[in-house]
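S.K.:
Protein chains: 2
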Amino acid sequence: MGHTCVTATTSDEGAAVPVTIRDVARASGVHISTVSRTFSAPHLVNPETRVRVLACAEDLGYRPNRAARALITGRTHNIGLIIADIANPFFPPLIKAAESQARHRDYHVFVADTNEDPTAEEELVHALAKQVDGVLLCSPRMSNSLIEQLSREVPLVVVNRQVTGLPCVLMDVGQGARSAIEHLVGLGHRSIALLGGPRSSWTNREMRRAAGAAARAGGAELTMLGPNAPTEVGGSAVAEQVRRSGVSAVLAYNDLMAIGLIEGLDALGVRVPQEVSVVGVDDITLSRLTRPKLTTVATPTGAAGRTAVDMLLQQDIESPRGARGSGAGTALGVRRTTAQVMLQTDLVIRDSTGPGPYARPARPLAAPRGPGPHCPADPGIPTAATGDAVAS
Amino acid sequence: MGHTCVTATTSDEGAAVPVTIRDVARASGVHISTVSRTFSAPHLVNPETRVRVLACAEDLGYRPNRAARALITGRTHNIGLIIADIANPFFPPLIKAAESQARHRDYHVFVADTNEDPTAEEELVHALAKQVDGVLLCSPRMSNSLIEQLSREVPLVVVNRQVTGLPCVLMDVGQGARSAIEHLVGLGHRSIALLGGPRSSWTNREMRRAAGAAARAGGAELTMLGPNAPTEVGGSAVAEQVRRSGVSAVLAYNDLMAIGLIEGLDALGVRVPQEVSVVGVDDITLSRLTRPKLTTVATPTGAAGRTAVDMLLQQDIESPRGARGSGAGTALGVRRTTAQVMLQTDLVIRDSTGPGPYARPARPLAAPRGPGPHCPADPGIPTAATGDAVAS
DNA sequence: CGTGATCCTGCAAAGGTTTGCAATGAAGTA
DNA sequence: TACTTCATTGCAAACCTTTGCAGGATCACG
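Residue numbers (this note's numbering), protein chains in the order written: chain C, 612 to 1003; chain X, 612 to 1003.
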């Protein structure tokens, strides 16, 4: 497979000499419990002793074994983050926000990718269950009932999915879809397609619902296309279908699909936005880099990550699992407050949407920007003057 | 922060009833050791007993506590994957490949992001050390000596960095940079800039070295610009500097910077590739989506992920850490074979490079591209006829 | 001097699992 | 029948840490 082995040596490396609390105790002449307290409850140990112990620990390179600690405290100070597809640029900002928020609270985040596979999702929750204090489930693809069931195994916070009885962080894609449709209708489009995403996606259902209602209200016809893979290839694959359908505008499940679709249409010789307008969802960085720049519904991914971590930790603190009392907890039931947070979305108008067949004719040359509210304008940097000026 | 609290209820949820090996033992009327063996050494237990135990386990919803198991076996069946920046599209393919490879071997992967911060890197290795069997360090930003030191705490495999004595997976960016420079020189460029990445990046040093040599060999002048942040903003930030420097071609540290640079040049009214040619490194998906499509050095990210996991697991199997013998291992030293693998890179020529000031005049319309050996080829869509036709 | 109170420290159990060793019983061999 | 072998299971220690409890020392106060 095109690789060349440059070197291959066998060396005597100092093995990982695992230094435990016992070694430190021996070295500093105190009992192991004192060493333990030096780290987990310093105020309980004599300052002199403390410095001695710390010195020895430093000397020996001792580091508390978090796994062993977790075994008895029931808290690992880790949180799991399960993601449908790391390659989707929608997620990295969420991941980073979650990580930074977690770090502030002295938690570490373990990310895992499921490849949009519900089975992998379930398996990962199980694998993570005992190694983390809670799991953030982002855009899950499994069923609500399975999620509820898993939530009895490990505290869960769900992102981009509404599960009653569980803490959820939602983005108002309904509102977003509505704005998008209204925007398109306002531009004079009356025949619009909705490019659906994965069938099991909550976001997908919400968008269909809201977009349908908005189209009806605006007197436009909405064609549902899908389900499709929420990727560029998923988008470009339906280009032909879009063209045949004769719609003048498309709202895609996400930016990746929108971009793929534009590519596909381009390949078919269909120009965007002159012949077909395209709107995405997410506002990933990429949507500002493609040509035409993508009109899209911006979702607050960073805020979602932060909020989710907060909700998880809050819930966690209230109910420390695996308490010392051991077996006593039989079906005791823990009071758990579950909140659902809805984050706002915003329509960002760029260059992939333009006037449709029913646009009111432009006034000769009054407004610097024709009839259609927006012409490519191509705000390489400044932009600003974009989103307003909608006619009709 | 623009969010609306939709619901907030307090409910009685069945708490996580932790069912242990003991519960299963009680239920099936055998000793816990038999239950343990049922899972970890099935051939040692009577088939009849086995099915009974399994039935009870299934019934109670028992799952082995991996943390506890790890405590005694010394193997967690997890591997850690430390990444400089998840938002860089270079990494997801690597992550996915590593995950899939690990899954085949019954391992799980925990990904962590360091935000290009060496301190975070070190801290993460420590945090992961006892919870994983080994760590993949991707594009590390810390010093070699620190890496060596950390490798005594937990088995390490380093990607995109050469550390003597440690297993490394490298990509031949030297060869890649050479090809890129040769390509540019062949196109008639004599004044080329190298857009450097992070100072502490091995890749960065390799590129400088190889590009410098290739430029000298080709009679071109190479200007070093940087270090810069390996991101789009890092790229667009130096656009002005590039213009002032008067070079006719640029080799960027990675695709993200190349794309940012093109954006920045575009904003300054400098056209690519007509006035300046740009080459990136990585061949991320995005490089096929921007206009012009990016000429770039493709790196085998998937192969790197797979190889790294293989190397780690192989090394791990040879030397199971924390063996039962406890204290006996004092400075015993474990024979550890360390190989270094070099993966090939490939220059992919697209539309962001074109003839330079010293190009041999194109024959009227014979070859689609001037002097350069390669024509767009461009598997993407048509478009093809883009970058050429430049006179002079 | 007696009585608490306060600080510090040690003891030992606990957490869930694995595993070397020994015990049991049955089957096979001489 | 006596002895060996084998399969199956139980026992208990070990992994590393935390933590309730109790003991010892010191000190202040009455």
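Note that CB positions come from ideal geometry on N, CA and C, so glycine has one too. All of these numbers come straight from a predicted model, not from anything done at the bench.
#1: How would you call C/Pro751, buried or exposed, if buried means at least 16 neighbouring beta carbons within 10 angstroms?
#2: Closer than 7 Å by C-beta to X/Ala909: which residues in its own chain qualify, once you throw out the five before and the five after it? Chain order, please.
#3: Give the DSSP-derived three-state secondary structure of X/Leu748 in the structure shown.
#4: What residues of chain X sit near C/Gln742, judged by a beta carbon separation below 7 Å?
#5: Which parts of the segment 825-854 of chain X are runs of the alpha helix (DSSP H), unbroken and 4 residues or longer, counting only runs that do not cross its ends?
#6: Taking only beta-carbon positions, decide if X/His715 is within less than 8 Å of chain C.
#7: Among X/Pro903, X/Leu867 and X/Ser802, which has the Cα closest to the Cα of X/Ala698?
#8: Would a C-beta distance cut-off of 8 Å place X/Ala731 and X/Val720 closer than the cut-off?
#9: Can you give me the Cβ contacts of C/Trp813 inside the same chain, cut-off strictly under 7 Å, excluding the 5 residues immediately before and after it?
#10: Taking only the alpha-carbon atoms, compute the straight-line gap between C/Val784 and X/Leu705 and give it to the nearest angstrom.
#11: What is the rounded straight-line gap between the Cα of C/Glu793 and the Cα of C/Arg855?
#12: In the DSSP output, what is C/Val722 paired with across the bridge?
#13: Is DSSP giving X/Gly871 helix, strand or coil here?
#14: Quick check: what's the CA-CA separation for X/Ser639 versus X/Glu669?
#15: For a contact meaning CB atoms closer than 7 Å, what does C/Asp724 contact in chain X?
#16: Checking contacts by CB at 8 Å: is C/Val630 closer than that to chain X?
#17: Counting only the same chain and skipping the five closest in sequence on each side, list residues whose C-beta sits under 7 Å from that of C/Leu757.
#18: Which residues, in order along the segment 874-895 of chain C, keep a beta-carbon less than 7 Å from a beta-carbon of chain X?
#19: Within 8 Å of any Cβ in chain X, is that where the Cβ of C/Arg902 sits?
#20: Just the chain C side, please: which residues come within less than 7 Å of X/Leu872 by C-beta, in chain order?
#21: Give the DSSP-derived three-state secondary structure of X/Leu761 in the structure shown.
#22: Would you say X/Leu671 touches the ligand ADP, meaning its beta carbon is less than 7 Å from a heavy atom?
#23: For a contact defined as C-beta to C-beta under 8 Å, what are the partners of C/Phe721 on chain X?
#24: C/Val844: buried (16+ other C-beta within 10 angstroms of its C-beta) or exposed?
#25: Check whether the Cβ atoms of X/Pro729 and X/Met753 lie closer than 8 Å to each other.
#26: When Cβ atoms are compared, which residues of the segment 897-924 of chain C fall closer than 8 Å to chain X?
#27: DSSP three-state call for C/Leu954: helix, strand or coil?
#28: Starting from the Cα of C/Thr1005, find the closest Cα among X/Gly799, X/Arg661 and X/Glu764 and give me that residue.
#29: What does C/Gly891 pair with, by DSSP beta-bridge criteria?
#30: Which partner residues does X/Cys779 have in the DSSP bridge list?
#31: Near X/Ile643, which residues of its chain fall below 6 Å by C-beta distance, leaving aside the five closest residues on each side in sequence?
#32: Excluding the 5 residues preceding and the 5 following C/Ala860 in the sequence, name in chain order all residues of the same chain whose CB lies nearer than 8 Å to its CB.
#33: Consider the Cβ of C/Ile697: report whether some Cβ of chain X lies at a distance smaller than 8 Å.
#34: Can you confirm whether C/Ala681, when its beta carbon is compared against all beta carbons of chain X, has any partner nearer than 8 Å?
#35: Whole angstroms are fine: how far does the CA of X/Leu876 sit from the CA of X/Gly857?
#36: Measuring straight from C-alpha to C-alpha, what distance separates C/Phe702 and C/Ala825?
M.R.: In short, the structure shows the following:
#1: In the first sequence, the residue the question calls residue 751 of chain C occupies position 140. Per the 10 Å Cβ criterion, buried.
#2: For the purposes of this step, residue 909 of chain X is identified with residue 298 of the second sequence, where counting begins at 1. Around X/Ala909: Asp894, Thr956, Asp957 and Val959.
#3: Position 137 of the second sequence, counted from the start, is the residue given in the question as residue 748 of chain X. Three-state result, X/Leu748: strand.
#4: Mapped onto the first sequence, residue 742 of chain C falls at position 131. By Cβ distance, chain X contributes Arg677, Ala678 and Gln742.
#5: 843-848
#6: If you number the second sequence from 1, residue 715 of chain X lands on position 104. No - not a single Cβ of chain C is within 8 Å of the one on X/His715.
#7: For the purposes of this step, residue 698 of chain X is taken as the residue at position 87 of the second sequence. Checked all of X/Pro903, X/Leu867 and X/Ser802; the closest Cα to X/Ala698 is X/Leu867.
#8: Stepping through the second sequence from its first residue, residue 731 of chain X is reached at position 120. Stepping through the second sequence from its first residue, residue 720 of chain X is reached at position 109. No. Outside cutoff.
#9: Start at 1 with the first residue of the first sequence, and residue 813 of chain C comes out as number 202. Contacts found: Asn771, Arg772 and Gln773.
#10: Here residue 784 of chain C corresponds to residue number 173 of the first sequence, with the count starting at 1. Here residue 705 of chain X corresponds to residue number 94 of the second sequence, with the count starting at 1. Rounded to whole angstroms, C/Val784 to X/Leu705 spans 31 Å at the Cα level.
#11: In the first sequence, residue 793 of chain C corresponds to position 182, counting from 1. In the first sequence, residue 855 of chain C corresponds to position 244, counting from 1. Spanning the two alpha carbons is a distance of roughly 23 Å.
#12: As a position in the first sequence, residue 722 of chain C is number 111, starting the count at 1. According to DSSP, which records beta bridges pairwise, C/Val722 is partnered with C/Leu692 and X/Val722.
#13: Along the second sequence, one-based indexing puts residue 871 of chain X at 260. The answer is helix: DSSP assigns X/Gly871 an H, G or I state.
#14: Taking the first residue of the second sequence as 1, we reach residue 639 of chain X at position 28. Taking the first residue of the second sequence as 1, we reach residue 669 of chain X at position 58. Whole-angstrom Cα-Cα distance: 11 Å.
#15: Within the first sequence, the letter at position 113 stands for residue 724 of chain C. Near C/Asp724 (Cβ distances below 7 Å), the residues of chain X are Ile706, Lys707 and Glu710.
#16: On the first sequence, residue 630 of chain C is found 19 positions in, with the first residue counted as 1. So no, C/Val630 is outside the interface.
#17: As a working mapping, residue 757 of chain C is identified with position 146 in the first sequence. Excluding sequence neighbours, C/Leu757 sits near Glu733.
#18: Glu874, Asp877 and Ala878
#19: Here residue 902 of chain C refers to the residue found at position 291 when the first sequence is read from its first residue. Answer yes: the Cβ-Cβ gap between C/Arg902 and chain X drops below 8 Å somewhere.
#20: Residue mapping note: residue 872 of chain X aligns to position 261 of the second sequence, counting from 1. What X/Leu872 touches in chain C: nothing, since even the nearest Cβ is about 12 Å away.
#21: Sequence index remark: in the second sequence, residue 761 of chain X carries index 150 (1-based). Here X/Leu761 sits in helix by DSSP.
#22: Ligands displayed in this structure: none; no statement on the ligand ADP is therefore possible.
#23: Residue numbering aside, residue 721 of chain C sits at position 110 when the first sequence is read from its first letter. Per Cβ cutoff of 8 Å: Phe721, Val722 and Ala723.
#24: The residue labelled residue 844 of chain C in the question sits at position 233 within the first sequence. By the 10 Å Cβ count, C/Val844 comes out exposed.
#25: Walking along the second sequence from the start, residue 729 of chain X turns up at place 118. Walking along the second sequence from the start, residue 753 of chain X turns up at place 142. Contact: yes.
#26: Leu897, Leu900, Thr901, Arg902, Pro911, Ala914 and Thr918
#27: Here residue 954 of chain C refers to the residue found at position 343 of the first sequence. If DSSP states are grouped into helix, strand and coil, C/Leu954 belongs with the strands.
#28: In the structure as shown, chain C begins at 612 and stops at 1003. Residue 1005 of chain C is therefore absent and cannot be evaluated.
#29: Indexing the first sequence from 1 puts residue 891 of chain C at position 280. C/Gly891 is bridged to C/Thr907.
#30: Locating residue 779 of chain X in the second sequence gives position 168, counting from the first residue. X/Cys779 is bridged to X/Val769 and X/Gln951.
#31: For the purposes of this step, residue 643 of chain X is identified with residue 32 of the second sequence, where counting begins at 1. Ile632, Arg633 and Ala636, listed in sequence order.
#32: Position 249 of the first sequence, counted from the first residue, corresponds to residue 860 of chain C. Excluding residues within five positions, the ones whose Cβ falls inside 8 Å are Leu795, Leu798, His800, Ser802, Ile803, Ala804, Val887, Ser888, Val889, Val890, Thr964 and Gly967.
#33: Along the first sequence, read from residue 1 onward, the residue named residue 697 of chain C stands at position 86. Interface residue, yes.
#34: Locating residue 681 of chain C in the first sequence gives position 70, counting from the first residue. By this cut-off, C/Ala681 is an interface position.
#35: Locating residue 857 of chain X in the second sequence gives position 246, where the first residue counts as 1. Locating residue 876 of chain X in the second sequence gives position 265, where the first residue counts as 1. One C-alpha to the other measures close to 12 Å.
#36: On the first sequence, residue 702 of chain C is found 91 positions in, with the first residue counted as 1. On the first sequence, residue 825 of chain C is found 214 positions in, with the first residue counted as 1. Cα to Cα, C/Phe702 sits roughly 28 Å from C/Ala825.
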